[in-house]
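The structure under discussion appears below in the form of structure tokens.
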Ligand code: GDP
Ligand code: MN
């Protein structure tokens, strides 16, 4: 689960990590009149799940109210294309408005999971602000790594060593140590896979501020962080959210062959085989273990909501569920849903003969396949 900047900063605030003064987060230009902005300049920041907003026009400074209104009205609704989004970009639906700060120095600091040593690691550099990937390539000697013990968090001496290496000013040492230890706390307490502050700044008044936040939480741990469940799901498409309600694992893709498969492994193999046969899948869809009439009906509905779909490939392995029962489910579901595209069905496993018979005697137009390869080829040719 990826958090947008202000959600990450909400966590920072709980951990006494200093952030810029916030005037508000708004979705409509009119809401600006309700904010209590007590001084200019302010910084206006697009709240989207991508980095590189600054370079792409998603971070702007306004010197007065009129300018702020102009920037916000241009930013809300714009499609932000950054080096991380791909050419389609992301739509800006919310902006964060904060007090602007005079920056004297930008530092990079993050906590990530280092899989090689199976422990969190602080990565930092005294040259922050720009892309850390670039820095790692061009000036690797400026990158400081510090492994962290999960039980004890970042130790004082480690934070001090970081402060030395980052050339933190003496009078900010205490503040930096507190900051670094709290940042690691956030990482551990929230089961994060990444907590990044780029840039951590030292202001002209010699204060430390986390100017940006990037927080990614391990999805498998969300049940331990109930308060995160209330946050909007910003990563899924509308269809993906709908599928989630039915407990169907669905991920939308770019192709035109809708896939209904049981089991994630078989689903992956199906996508690969479709590709090999010269086509492109419209989705990854794992109906789950049940594969009963209700789940299959829901799956058909979800697949058909994607208007790109020109053919459907059902690839189900009858293991615990027998093929004849699955076939009955498919027939029943197909009657419930208006399917106007060809449906290729490949069944394999227990009672497959009986299953195929049920499909062919159903009076519905299923194209049957004898193998995964056969099914994929048929689906690809029907989708063209
Ligand atoms: P990102 O580009 O998506 O990582 O967005 P950031 O929040 O990191 O902002 C990008 C850049 O905008 C920062 O590196 C700063 O240089 C600049 N910036 C952001 N907030 C302020 C501010 O309050 N004052 C000034 N002077 N610059 C800012
Ligand atoms: Mn940043």
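Residue numbers (the working numbering): 17 to 400.
Just so you know, even glycine gets a beta-carbon here, dropped at the ideal spot from N, CA and C.
What you are looking at is a predicted structure, and each value in this text was computed from that prediction instead of being measured.
For residue j and residue i, the rounded distance between their alpha carbons
| i | j | result |
| --- | --- | --- |
| residue 196 | residue 26 | 17 Å |
| residue 381 | residue 299 | 22 Å |
| residue 148 | residue 284 | 33 Å |
| residue 166 | residue 346 | 49 Å |
| residue 126 | residue 53 | 31 Å |
| residue 389 | residue 154 | 47 Å |
| residue 391 | residue 253 | 28 Å |
| residue 133 | residue 63 | 34 Å |
| residue 203 | residue 232 | 9 Å |
| residue 266 | residue 59 | 38 Å |
| residue 106 | residue 373 | 48 Å |
| residue 121 | residue 269 | 42 Å |
| residue 245 | residue 235 | 11 Å |
| residue 247 | residue 207 | 16 Å |
| residue 71 | residue 242 | 35 Å |
| residue 239 | residue 84 | 39 Å |
| residue 101 | residue 66 | 7 Å |
| residue 104 | residue 96 | 9 Å |
| residue 331 | residue 257 | 23 Å |
| residue 110 | residue 91 | 9 Å |
| residue 123 | residue 51 | 30 Å |
| residue 228 | residue 255 | 31 Å |
Strand pairing of residue i, partner residues [DSSP]
| i | result |
| --- | --- |
| residue 382 | 359 |
| residue 137 | 128 and 163 |
| residue 275 | 329 |
| residue 300 | 267 |
| residue 76 | 60 |
| residue 65 | Residue 65 is not bridged to any residue. |
| residue 225 | 217 |
| residue 95 | 107 |
Whole-angstrom C-beta distance between residue j and residue i, which should lie under 8 Å
| i | j | result |
| --- | --- | --- |
| residue 297 | residue 271 | 5 Å |
| residue 364 | residue 333 | 5 Å |
| residue 115 | residue 55 | 7 Å |
| residue 158 | residue 143 | 6 Å |
| residue 108 | residue 94 | 5 Å |
| residue 160 | residue 141 | 7 Å |
| residue 201 | residue 31 | 6 Å |
| residue 222 | residue 188 | 7 Å |
| residue 433 | residue 263 | In the structure displayed, the chain extends from 17 to 400; residue 433 sits before or after that span and is not available. |
| residue 277 | residue 289 | At roughly 11 Å, the Cβ-Cβ gap does not stay under 8 Å, so residue 277 and residue 289 are not in contact. |
| residue 360 | residue 383 | 5 Å |
Close beta carbons around residue i, own chain, < 7 Å, minus the five adjacent residues each side
| i | result |
| --- | --- |
| residue 462 | The chain is shown from 17 up to 400; residue 462 falls before or after that span and cannot be answered. |
| residue 338 | 366 and 367 |
| residue 163 | 130, 133, 135 and 137 |
| residue 349 | 309, 312, 313 and 316 |
| residue 152 | 159 |
Contact set for residue i: own chain, Cβ-Cβ below 6 Å, skip 5 residues either direction
| i | result |
| --- | --- |
| residue 327 | 273, 357, 358, 395, 398 and 399 |
| residue 280 | 302 |
| residue 19 | 231 |
| residue 335 | 365 |
8 Å Cβ shell around residue i - same chain, five flanking residues per side excluded
| i | result |
| --- | --- |
| residue 353 | 313, 316, 317 and 320 |
| residue 181 | 140, 142 and 160 |
| residue 89 | 45 |
Any non-hydrogen atom of ligand 4 closer than 7 Å to residue i Cβ
| i | result |
| --- | --- |
| residue 143 | Ligand 4 is not part of the structure shown, which contains ligand 1 and ligand 2 as its ligands. |
Which residues are close to ligand 2, meaning CB closer than 5 Å to any heavy atom, in chain order?
-> 214 and 228
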